[in-house]
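Undergrad: Here it is, the structure, as structure tokens.
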Amino acid sequence: MRSRFSLFTLILVAFVACTPPAPEPFGAVPTPEQVAWQQMETNMFVHFGPNTFTDVEWGDGRESVNVFAPSALDCRQWAAIARAAGMKGIILTAKHHDGFCLWPNPASRHTVAQSAWRNGRGDVLRELSEACREYGLRFGIYISPWDRNDPTYGTEDYNEVFRKTLESALSSYGEVFEQWFDGACGEGPNGKRQVYDWPLYHAEVYAHQPQTIIFSDIGPGCRWIGNERGKAGRTCWSTLDVEGFELGKSVPTPDTLNRGNRGGKCWVAGEADVSIRPGWFYRASEDDRVKSLAELLTIYYASVGRNSLLLLNVPADKRGLIPAADSVRLLEFRAALDRIFATDLAQGATVEASAVRGNSKKYRAENLLDENYDCYWAVDDSVRTPSCTLRFTEPRTFNRVMIQEYIPLGQRVVRFRLEALDADGHWQEIASETTIGYKRIVLTDCTTTTALRLIIDEAMACPVLNRLALYLDETSLDLPTASVVAPWDVDPVDFRTLDPSEAAAVDGYSDDGADPLSRGVVLAADQPLAIDLGRSMKLTGFCYEPLLEGRHGCLVICDVAVSSDGRNWITVLPDCMFDNIVNNPAVRTIRFKEPVQSRYLRLTPKYTNASTYGVGEVGVLIR
Ligand code: FUL
């Protein structure tokens, strides 16, 4: 017995001695909280507040507290829908730029407590945090430091007001998994600016929620992906260089945020936020513009499938409920994801690798097929460009290839290729991409093959991969072409500039093959856009929509004038601002205070975000 035990010990010792240690972490690595956050993959954002009732994107802070009056608020309904849609958490706009607080914040006089809603005893944060607990969801808070209501905003005193605001929101409702800081700091004509005290704010957040992930353009927990379309870069590093930047003053360019920095000093993974509707807040006029399943899947592939988290906004309506159209679409979205990812077609393959770390079983390439997150394929430190091959006894058909790097050890892979064996026994390249990260889903043509090869072409340290899976997505991702002005009470006009020769026609474009084409015109930043309606009409307002994704710039602020003859103009709206249009270049509807009788409408740019601006659509309201 004794000798058998010693033999066993000896074999064990020999085995352990032969198993090389795990690769050392490379570069910036995530904290365990950041890994757990990344594994959430899809979360729900809820924009809700005075803007829900006033039909604007950004309230100016002068709204009466009584504007906020949901008739049937039910946060359990939100949580039930989020849960059914497979979301792991909900983040609520507790305070947007208008300053109104959805909880009784003692640091403010502009909150639910001052309103008539539920006799001043309502508290949306309490209700939602409890609903999240009941439905097994994590709870997060969006708070805008920009405050258009607080009288101290723009002075040093505001920093203390904001600290107390954070204290109140973060100490009263249990665990907050993510604290979402909007980067805005006074925008538009006469926008007061504030010198934010970030060290003070962060200390307050961590004092109450030491594990929370702080979102901002520069983290430190996670970063904005650089657009509000839910799309990460095809190259997407979770590492970012943040030194020298400060939120509210200077931040990396949207392009850098979209891609991250290769070898960046900090781990600040991307979070891609996007609304299920054109606007962030509910508007009845957008009820028929809920994103299609194809759009949501395209967003999923461009966010979760590109090493980012998807934060999908589903705004609550005036009742305080998620509208039926949105919840139905969410459930369709979840059903599609469940269907697509139900069967991993790589299972059952035999796996060969060009190299295995220390030739040890522990790091073998078969681990790629294993669902255990901490089980991975690794190679020796000196090996940077390994490959592995999956072989099947029967041909497999797929069009999605999912690859995961084991991020607790850092993000390492720079470039890789996928090849499939064709019927003649030749390897054919089916994809060539950059970066993997936590999760990469490569969209390939529908491929039927008996063997698939993953070739790492460049890595910053020996690659460590924990998953390679194949799926077949038979949903059509065809997206409708060109956007149209909302049809409810708009008569879209095929606009003409007064001098059409000055407008350059855009033929259509697409960035990476996934986006629809769009048509429109591009005008120089100093060139007014004028339309001739052909006859005089009673106008109640107008709509402007930039070109798709804000290409060629957006009109941000303009003077709006009307004319009956195209020569004599009357300015009806000076300094008209299209709120948040740069980040979210969707249609904006502006209503005049009084209807105006006119044949011509002119928008004279006061501010554009580029040397040109695009016009996808323009329409006038006649009701
Ligand atoms: C932006 C805000 O200005 C928008 O209104 C919205 O809340 C979006 C999520 O963040 O910065």
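Under the working numbering, the first residue of the sequence shown is numbered 7, with each subsequent residue one higher. No residue lacks a Cβ here, since even glycine has one placed at the ideal position from N, Cα and C.
Once the 5 residues before and after Thr618 are set aside, which same chain residues still bring their CB inside 7 Å of it?
TA: Once the five neighbours on either side are set aside, the close Cβ partners of Thr618 are Val528, Leu529, Ala530, Ala531, His558, Gly559.
Undergrad: Here's the rule I'm using: 16 or more other beta-carbon atoms within 10 Å means buried, otherwise exposed. How should Ala137 be labelled?
TA: So Ala137 counts as buried.
Undergrad: Just the Cα atoms here: how many angstroms apart are Asp451 and Thr481?
TA: Looking at the two C-alpha atoms, the distance is approximately 13 Å.
Undergrad: Within a Cβ cutoff of 7 Å, which residues of the same chain sit near Glu234, ignoring the five residues on either side of it in sequence?
TA: Asp279, Val280, Asn589, Asn590.
Undergrad: Check whether the region 389-406 and the region 355-366 touch, using three or more Cβ-Cβ pairs below 8 Å as the test.
TA: Verdict: yes, contact present.
Undergrad: Between the region 107-124 and the region 71-85, do at least 3 Cβ pairs fall closer than 8 Å?
TA: Yes, the region 107-124 is in contact with the region 71-85.
Undergrad: Quick one: is the Cβ of Asp279 within less than 8 Å of any heavy atom of ligand 1?
TA: Yes, the beta carbon of Asp279 sits closer than 8 Å to at least one heavy atom of ligand 1.
Undergrad: Looking at C-beta atoms only, is the number of pairs between the region 217-232 and the region 261-276 that lie closer than 8 Å three or more?
TA: Yes, since at least three Cβ pairs between the region 217-232 and the region 261-276 fall closer than 8 Å, the two stretches touch.
Undergrad: Determine, using beta carbons only, whether Asn313 and Thr441 come nearer to each other than 9 Å.
TA: Against a cut-off of 9 Å, the Cβ pair of Thr441 and Asn313 comes out as a contact.
Undergrad: Nearest-angstrom Cα distance between Arg340 and Ala475?
TA: Answer to the nearest angstrom: the Cα atoms are 19 Å apart.
Undergrad: Which ranges would you report for the beta strand (DSSP E) in the region 68-107 if only whole runs of at least 3 residues count?
TA: Counting only runs of 3 or more, we get 95-101.
Undergrad: Please work out which residues of its chain come closer than 8 Å, Cβ to Cβ, to Val35, disregarding the five sequence neighbours upstream and downstream, and give them in chain order.
TA: For Val35, where only same-chain residues beyond five positions count, the Cβ hits under 8 Å are Trp273, Ile413, Pro414, Leu415, Gly416.
Undergrad: Leaving out the 5 sequence neighbours to the left and right, which residues in its chain are closer than 6 Å to Asp497 when beta-carbon positions are compared?
TA: For Asp497, the predicted structure reports a pLDDT of 38, less than 50, and the residue's modelled location is therefore unreliable. A value from the coordinates is still provided. Cβ within range, chain order: Ile628.
Undergrad: Given 8 Å as the limit, tell me if Ser150 has its C-beta closer than that to any heavy atom belonging to ligand 1.
TA: It does: the Cβ of Ser150 is within 8 Å (strictly closer) of some heavy atom of ligand 1.
Undergrad: Run through the region 345-405 for me and flag every whole beta strand (DSSP E) of 3 or more residues, listed as ranges in chain order.
TA: Listed in chain order, the complete beta strand (DSSP E) runs (minimum 3 residues) inside the region 345-405 are 356-359.
Undergrad: Quick check on this structure: which residue in Ala308, Asp188, Ala592, Gly547 has the alpha carbon closest to the alpha carbon of Arg608?
TA: The residue with the shortest Cα to Cα distance from Arg608 is Gly547.
Undergrad: Tell me which residue opens and which closes the beta strand (DSSP E) that Glu464 is part of.
TA: Looking at the DSSP string, the run of the beta strand (DSSP E) that includes Glu464 is 446-465.
Undergrad: Could you check if Glu234 belongs to the surroundings of ligand 1, using beta carbon to heavy atom distance under 8 Å?
TA: Yes.
Undergrad: In whole angstroms, give me the CA-to-CA distance for Arg154 and Val167.
TA: Approximately 13 Å, taken between the alpha carbons.
Undergrad: Helix, strand or coil: how does DSSP classify Asn472 here?
TA: Three-state result, Asn472: strand.
Undergrad: What residue range is occupied by the uninterrupted beta strand (DSSP E) comprising Lys612?
TA: Counting along the chain, the beta strand (DSSP E) containing Lys612 begins and ends at 594-614.
Undergrad: Relative to the C-alpha of Arg295, which candidate in Pro321, Asp247, Gly270, Lys271 has its C-alpha closest?
TA: It is Pro321.
Undergrad: Which residues in the same chain as Arg406 place their Cβ atom closer than 6 Å to its Cβ, once the five residues preceding and following it in sequence are excluded?
TA: Contacts found: Ile447, Tyr477, Asp479.
Undergrad: Rounded to whole angstroms, how far is the Cβ of Met543 from the Cβ of Val626, which I believe are closer than 8 Å?
TA: With a Cβ gap of about 7 Å, Met543 and Val626 count as contacting.
Undergrad: Where does Ser256 sit, in a helix, a strand or coil, going by DSSP?
TA: Ser256: strand per DSSP, three-state reduction.
Undergrad: Find out if the Cβ-Cβ distance for the pair Val62, Leu98 is shorter than 9 Å.
TA: No, the pair does not count as a contact, with Cβ atoms beyond the cut-off.
Undergrad: State the start and end residues of the unbroken alpha helix (DSSP H) segment that holds Cys564.
TA: From DSSP, Cys564 is part of no alpha helix (DSSP H) but of the beta strand (DSSP E) over 561-569.
Undergrad: Please report the distance separating the alpha-carbon of Pro216 from that of Val182.
TA: Taking the straight line from one Cα to the other gives about 10 Å.
Undergrad: With respect to the beta strand (DSSP E) encompassing Arg127, which residues constitute its N-terminal and C-terminal limits?
TA: Careful: Arg127 lies outside any beta strand (DSSP E) and carries neither H nor E.
Undergrad: Have a look at Val470 and Asp565 and give me their C-alpha separation to the nearest angstrom.
TA: Those two C-alpha atoms are separated by around 56 Å.
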